[in-house]
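Chains as they are written, first to last, in the numbering used here: chain A, 4 to 222; chain B, 1455 to 1661.
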């Protein structure tokens, strides 16, 4: 979706204003710790995948997405998923009181959580799918504006780039956000700055974007 | 409660109260175990952070075979050599800065970042200004970090749109011949491994 999260190339959002590295804490308030951990721990129940969780954050009204701090966006996405997946009801969320146990779930304890963290969630797949493109090939990003989740940002749609490298077959994020965990070839595609931003862009700079085969076509 | 979208006249709810209410609801529902929350916070606040990545970079500076190996399959090599593994580090790609090429990493769509080697991302990395601007104006953004890239050096911006995670190997600072890996690791900052600053010069650290 052409949501507020798709920020590449937007203007007017201000200076970066970085906090000095030596002074920046991991969390900036106690509640951020809790928002972070609650989000990870509920994710460990396996009721949604990472693309569904991204899509839940992206579906907020743009005003909220841009006004919220980072972990407020996490909270918003988490509340959406918990209700949509039937793990809590909207009434429970509203009242902050449980109307009975959620039942069928087994929440991991500290050891269980650490095991899940270490295992991670690799997205690479063993698949005999033949790649449609090879390093050096010119490709155009399909000019598509799906209403649902996509990992092809707006600023490269319709633009021509060059396959830099193949990453193999990976779970296709756009489908995975709908619960379809199929694999597609994933590529790193190089776009020259002037192809994306016009002749005023610095001639020798480039942007590399990871894209799946369904995002790409022959130019 | 989150707004659905149309009334922005009310102030947003206090996130501290909101997360507290949600946490106790989820505990009551049996959906989270408080001991898991504590260990997750402790892991990312105290254990997993950019010192991991600094060890990888320092090794890459002194060991050509290691550097070549991490450019092929970084995640497998650093799991074997350092035990760094897991969430948000499953598919790391190491990109090396040279006198001709400067690499910088972003996630324009969210906040993808190589947790196993850098920990959780800083606020600026997740912010709208950085995510919106660095793909179009990397030189301007880097100058806001005090980093000026010469016109002769190509900038490559890596937009982390998949589960591949990018780790910049900064250039080894001059004047460090004969330094040990441990000494070198002290020169490697988080920001240098995202690509917004160079590694520290020897004069910036006390040996």
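Using N, Cα and C, we set each Cβ at its ideal position, and we do this for glycine too.
The structure displayed is predicted, hence computed values, not measured ones.
To the nearest angstrom, how far is the alpha carbon of residue i from that of residue j?
| i | j | result |
| --- | --- | --- |
| residue 1471/B | residue 1577/B | 22 Å |
| residue 1488/B | residue 20/A | 35 Å |
| residue 36/A | residue 1569/B | 16 Å |
| residue 1572/B | residue 1509/B | 11 Å |
| residue 48/A | residue 27/A | 31 Å |
| residue 1525/B | residue 136/A | 22 Å |
| residue 208/A | residue 1632/B | 34 Å |
| residue 184/A | residue 1579/B | 29 Å |
| residue 50/A | residue 87/A | 10 Å |
| residue 129/A | residue 165/A | 25 Å |
| residue 161/A | residue 1496/B | 45 Å |
| residue 1660/B | residue 178/A | 51 Å |
| residue 76/A | residue 190/A | 29 Å |
| residue 1498/B | residue 29/A | 8 Å |
| residue 1598/B | residue 15/A | 16 Å |
| residue 7/A | residue 1515/B | 40 Å |
| residue 180/A | residue 1609/B | 32 Å |
| residue 296/A | residue 1507/B | With chain A covering 4 to 222 only, the question about residue 296/A has no answer from this structure. |
| residue 119/A | residue 204/A | 44 Å |
| residue 122/A | residue 1605/B | 43 Å |
| residue 107/A | residue 1490/B | 18 Å |
| residue 141/A | residue 1549/B | 22 Å |
| residue 1468/B | residue 102/A | 24 Å |
| residue 1531/B | residue 1523/B | 7 Å |
| residue 82/A | residue 139/A | 44 Å |
| residue 89/A | residue 150/A | 24 Å |
| residue 1654/B | residue 1637/B | 12 Å |
| residue 211/A | residue 53/A | 22 Å |
| residue 91/A | residue 85/A | 6 Å |
| residue 1482/B | residue 1473/B | 14 Å |
| residue 1650/B | residue 126/A | 28 Å |
| residue 116/A | residue 1492/B | 10 Å |
| residue 1511/B | residue 1521/B | 8 Å |
| residue 1561/B | residue 105/A | 35 Å |
Within 10 Å of its beta-carbon, does residue i have 16 or more other beta-carbons around it, so buried, or fewer, so exposed?
| i | result |
| --- | --- |
| residue 66/A | exposed |
| residue 202/A | exposed |
| residue 1624/B | buried |
| residue 1592/B | buried |
| residue 156/A | buried |
| residue 132/A | exposed |
| residue 110/A | buried |
| residue 1542/B | buried |
| residue 94/A | exposed |
| residue 1657/B | exposed |
| residue 100/A | exposed |
| residue 1583/B | buried |
| residue 46/A | buried |
| residue 1699/B | Residue 1699/B is absent from the model: chain B starts at 1455 and stops at 1661. |
| residue 1534/B | exposed |
| residue 1456/B | For residue 1456/B, the predicted structure reports a pLDDT of 46, less than 50, and the residue's modelled location is therefore unreliable. The matter cannot be settled from this model. |
| residue 33/A | exposed |
| residue 80/A | buried |
| residue 98/A | exposed |
| residue 1537/B | exposed |
| residue 114/A | exposed |
Identify the residues that DSSP records as bridge partners of residue i: which are they?
| i | result |
| --- | --- |
| residue 169/A | 190/A |
| residue 209/A | 195/A and 1610/B |
| residue 1623/B | 1550/B |
| residue 143/A | 163/A and 220/A |
| residue 1596/B | Residue 1596/B pairs with nothing; no bridge assigned. |
| residue 215/A | 189/A |
| residue 174/A | 186/A |
Tell me whether the segment 1547 to 1564 of chain B and the segment 141 to 148 of chain A touch, counting them as touching only if at least three CB pairs, one residue from each stretch, are closer than 8 Å. no
With a threshold of 8 Å, are at least 3 pairs of Cβ atoms found where one atom belongs to the segment 1473 to 1489 of chain B and the other to the segment 39 to 47 of chain A? A contact is defined here as three or more CB-CB pairs under 8 Å, and the segment 1473 to 1489 of chain B meets this definition with respect to the segment 39 to 47 of chain A.
Pairs of beta-carbons, one from the segment 164 to 178 of chain A and one from the segment 1610 to 1626 of chain B, closer than 8 Å: are there three or more? yes
Say whether the segment 1624 to 1644 of chain B touches the segment 1495 to 1508 of chain B, bearing in mind that this needs 3 or more beta-carbon pairs closer than 8 Å, one atom from each stretch. yes
Is the number of C-beta pairs between the segment 1588 to 1604 of chain B and the segment 11 to 18 of chain A that are closer than 8 Å three or more? yes
Taking only runs that begin and end inside the segment 61 to 140 of chain A, name each unbroken alpha helix (DSSP H) of 4 or more residues, in chain order. Runs found: 65 to 70, 73 to 87, 93 to 98 and 113 to 122.
Would you mind listing the beta strand (DSSP E) stretches within the segment 1535 to 1592 of chain B that are 3+ residues and don't spill past its ends, in chain order? 1546 to 1550 and 1555 to 1560
Can you list the alpha helix (DSSP H) stretches of 4 or more residues lying completely in the segment 4 to 72 of chain A, in chain order? Taken in chain order, the whole alpha helix (DSSP H) runs of length 4 or more contained in the segment 4 to 72 of chain A are 33 to 46, 53 to 61 and 65 to 70.
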